[in-house]
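What follows is a single structure, written as structure tokens, with notes after it.
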Amino acid sequence: MSYCVNCGVELDKDAATCPLCQTPVVNPVCPVDTTLPPNFPVERREVEPVNRKELALLLSAMLGCAGGCCVLLNVLFWWQGVPWSAIVAGACAMLWVWTVVPLLLRRVPSIWMLGLDLLAVAGLLALIALATHGWDWLGRLALPIWWGVSVVLLFLWYILPRRSILSRCMLVLGSCVVLMLWLEGCIDLFLGGYRPMWSLVVAVVGVALMLPLLIIRYRPGLRREVRRRFHF
Amino acid sequence: MGRRKGQDKGWFQLDNAAMMYSAIQSGNYSAVYRFSAVMTREVDTQALQRAIDRTLPRFPGFHVKIRRGVFWYYFEPDDAPGPFLQPDIQNPCQPVYFQNKDQLIRFFYYRHRISMEVFHALADGGGALVLFKTLLAVYLRELGEEIPNEEGILDVDEPPDPQEWEDAYARYTRSRVRLGKSEPRAYPCTGTREPFYTLNVTMGFVSVSALRQVAKSHGASITEYLSAVLIQSILARQRREGRRRELPVALAIPINLRPYFPTRTLRNFILTVRPSIDPELGDYTLEEIISQVHHHMRLHITRQEMQGVITRNVFLQKFLPLQLIPVPVKNFAVDLGYRIAGNRPYSTTYTNPGAFRVPKEMEHHIQHMEVVLGQSYTPRVNCASISYGDIMEITFAGTVKETDVERDFFRTLVQDGLHVKVTSNRRE
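Protein sequence lines correspond, in order, to chains A and B. Residue numbering for the first sequence follows the numbering used here, beginning at 576 and increasing consecutively. Residue numbering for the second sequence follows the numbering used here, beginning at 453 and increasing consecutively.
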């Protein structure tokens, strides 16, 4: 029999390391017996996961029913000349992409799913423009805003999990500032001319909050002090 | 006798603890525990399956399905064949999925080891051990041994006794005072989470007589001594983390209520005590921790105090406005409540169902007993121990990668002069 030199506990004859401290067993008198059957089984088993297909089917049926009924009502009864049901059906399709697709595509990376969700939003916007003959606002207002929001969201989704809490706060604040500047720019250009106002106030506040975080982030002494003070 | 509403109609209500366990059971929490007996001979699977088939009809409360009603879950008899004996797996105590109609009781074999896993809503350790002991006796009889119905072994030829399925909590709700207060947050003792569906199990074997002697030299019982050593290991871990403000280290220790409130029930009948040490008050030696644990347990494990806690728990269960809340909402609330009041105030759980006693004719057929607790919400280890003959088996089980708590625990036992043998299912 072998004992762990660090822990002082007796080990199994087939143990190559101590299970408590991972110290290798080196015992010339009693070498590790790898021919012995292990003390515990080696086969793992995973419980069958909850059936998500049924939930996906239920959601699809609900959304399909809502969209289909609206189309029927539109075609047969109410405001037959106005394609209002296309907007409702488009909203149902967007909700379907948001809720059902993640249930069916479990292994697709989440950033791709977010991209798909954003494309669904763009599709709905295009459908609304088509139904209301609003290509002007779509091209000059909705799509630029959508593009800005998409870029910021995808950027944050990609970058946030790899960063520290301080960096995350800075990135979120910075993204908000950029997004607000972009938003006001899009609205102003749509209305006639670029005259920045409220987005500059947001930008100043955002940068004022980011600066202390930036200093703390890149000064190790300050960072340690903050971590010590806020560590409960 | 307590309430047995619905039993004549082929279904019965969950008891107070079962309601909680069924509500909080999820993919990342396993209210499943396991008892294993390591036999002297390799397991005869056919004889064991016959023994299961003969034994379970005597224990109808274990052969049930859980069903979701509008306001509560309920049990109904499981008429499906089984449960069937399965080859053992490396990751025991897997969660029960109600949606998948999982069996609430499972049986496994591996070489010399017979294992039984029980969903905690069915019974506590005391009740499950009666079934396991009876099953082992019937199994040995199937192998041709003469085993008498002694030491708590039930006669499988007798009809089931309804008193074994009473809700003892409801029966002992008599106190005029409802005791219970929110406990402060304890050091969570969490580590790096292992990949999903991993349960790391490390077992240590110690001589019961030597352990009793050491515990006695400290003026404590075995449970008190082991609890104190566990607290000391967790305190050391917290100190190594270098926290500026250290949190109290507290254990959840389930107490079997049967010695205090006579009942024949095999269902849940436990409460937990919470010995704790606050390192902000200063450093404690092992002697001082043992003293704290010893006096805490002697002070709080009293009939009157426990009856007050039972009354509070059953009052919440019977409170009409709460009863009228539908099950999904209730599950969410209970789950949240458990995370706040049932998980946060404890660093870990330590349970000791005590000595596993069998008739003399059975003794030489069993090498030792083992017990394993399922995974907690958070990646941390739970501790459990059970003794058989002169072997005390202590298990650390959890979904955490680090081994520092069990390492310090067993090192302390070695420093106290105890011989410890360690084995684990971890892959090197």
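Ideal Cβ placement from N, Cα and C applies to all residues, glycine included.
Check: Per DSSP, what are the beta-bridge partners of residue 749 of chain B in this structure?; Outcome: In the DSSP output, where bridge partners are listed per residue, residue 749 of chain B has none listed.
Check: Any chance you could list the alpha helix (DSSP H) runs of at least 4 consecutive residues sitting entirely within the stretch 781-854 of chain B, in chain order?; Outcome: 812-815
Check: Should residue 739 of chain A and residue 792 of chain A be called a contact, given that it needs their Cβ atoms to be closer than 9 Å?; Outcome: yes
Check: Just the C-alpha distance for residue 562 of chain B and residue 794 of chain A, rounded to the nearest angstrom, thanks.; Outcome: 57 Å
Check: With contact counted as at least three CB pairs below 8 Å, one residue from each stretch, are the stretch 645-663 of chain A and the stretch 676-687 of chain A in contact?; Outcome: no
Check: Quick one: what does DSSP say residue 607 of chain A is sitting in, helix, strand or coil?; Outcome: coil
Check: Could you spell out the range, first to last residue, of the beta strand (DSSP E) harbouring residue 562 of chain B?; Outcome: 557-562
Check: Distance, Cα to Cα, residue 659 of chain A vs residue 469 of chain B?; Outcome: 54 Å
Check: Which residues share a DSSP beta bridge with residue 538 of chain B?; Outcome: B:560
Check: Taking only beta-carbon positions, decide if residue 620 of chain A is within less than 9 Å of chain B.; Outcome: yes
Check: Would you say the beta carbon of residue 814 of chain B is closer than 8 Å to some non-hydrogen atom of the ligand MN?; Outcome: Absence of the ligand MN is noted for the structure shown, with no ligands found whatsoever.
Check: Please name the residue or residues paired with residue 703 of chain B in a DSSP beta bridge.; Outcome: B:800
Check: Grouping DSSP H, G and I as helix and E and B as strand, with all else coil, what is residue 656 of chain B?; Outcome: strand
Check: Taking only three categories from DSSP, how would you classify residue 519 of chain B?; Outcome: strand
Check: I want to verify the contact list: residues of chain B whose CB lies under 8 Å from the CB of residue 585 of chain A, in sequence order.; Outcome: 871, 872, 873, 874
Check: With burial defined as no fewer than 16 other Cβ atoms inside 10 Å of the residue's Cβ, what is the status of residue 652 of chain B: buried or exposed?; Outcome: buried
Check: According to the Cβ coordinates, are residue 566 of chain B and residue 535 of chain B closer than 9 Å?; Outcome: no
Check: When burial is assigned at 16 or more other CB atoms within 10 Å of the CB, is residue 734 of chain A buried or exposed?; Outcome: exposed
Check: Using a Cβ cut-off of 9 Å (strictly closer), state whether residue 681 of chain A contacts chain B.; Outcome: no
Check: Based on Cα-Cα distance, which residue from B:650, B:533, B:508 lies nearest to residue 617 of chain A?; Outcome: B:650
Check: Under 8 Å Cβ-Cβ, which residues of chain B neighbour residue 596 of chain A?; Outcome: 855, 859
Check: Taking three-plus beta-carbon pairs below 8 Å as touching, is the stretch 700-710 of chain B in contact with the stretch 597-607 of chain B?; Outcome: no
Check: Does the pairing of the stretch 838-854 of chain B with the stretch 506-525 of chain B give three or more beta-carbon distances under 8 Å?; Outcome: no
Check: With a threshold of 8 Å, are at least 3 pairs of Cβ atoms found where one atom belongs to the stretch 639-646 of chain B and the other to the stretch 582-589 of chain A?; Outcome: no
Check: Tell me which residue opens and which closes the alpha helix (DSSP H) that residue 704 of chain A is part of.; Outcome: 685-707
Check: Please classify residue 720 of chain B as buried or exposed, where buried requires at least 16 neighbouring CB atoms within 10 angstroms.; Outcome: buried
Check: Could you name the residues that DSSP lists as bridge partners for residue 465 of chain B?; Outcome: B:526
Check: Just mark residue 522 of chain B as buried or exposed, buried being the case when its beta carbon has 16 or more other beta carbons within 10 Å.; Outcome: exposed
Check: When the Cβ atoms of the stretch 541-556 of chain B are set against those of the stretch 804-822 of chain B, are three or more pairs found closer than 8 Å?; Outcome: no
Check: From the beta carbon of residue 614 of chain A, is the nearest beta carbon of chain B less than 9 Å away?; Outcome: yes
Check: Does DSSP put residue 490 of chain B in a helix, in a strand, or in coil?; Outcome: strand
Check: Using beta-carbon positions only, say whether residue 482 of chain B and residue 826 of chain B come within less than 9 Å of one another.; Outcome: yes
Check: Starting from residue 723 of chain B, follow the beta strand (DSSP E) in both directions and report where the run begins and ends.; Outcome: 722-725
Check: Under a Cβ-count criterion, where at least 16 other Cβ atoms within 10 Å of its own Cβ denotes burial, should residue 684 of chain B be classed as buried or exposed?; Outcome: buried
Check: What span of residues does the alpha helix (DSSP H) with residue 693 of chain B cover, start to end?; Outcome: 674-693
Check: Residue 447 of chain B to residue 620 of chain A, Cα distance in whole Å?; Outcome: Because chain B spans 453 through 880 in this model, residue 447 of chain B falls outside it and cannot be assessed.
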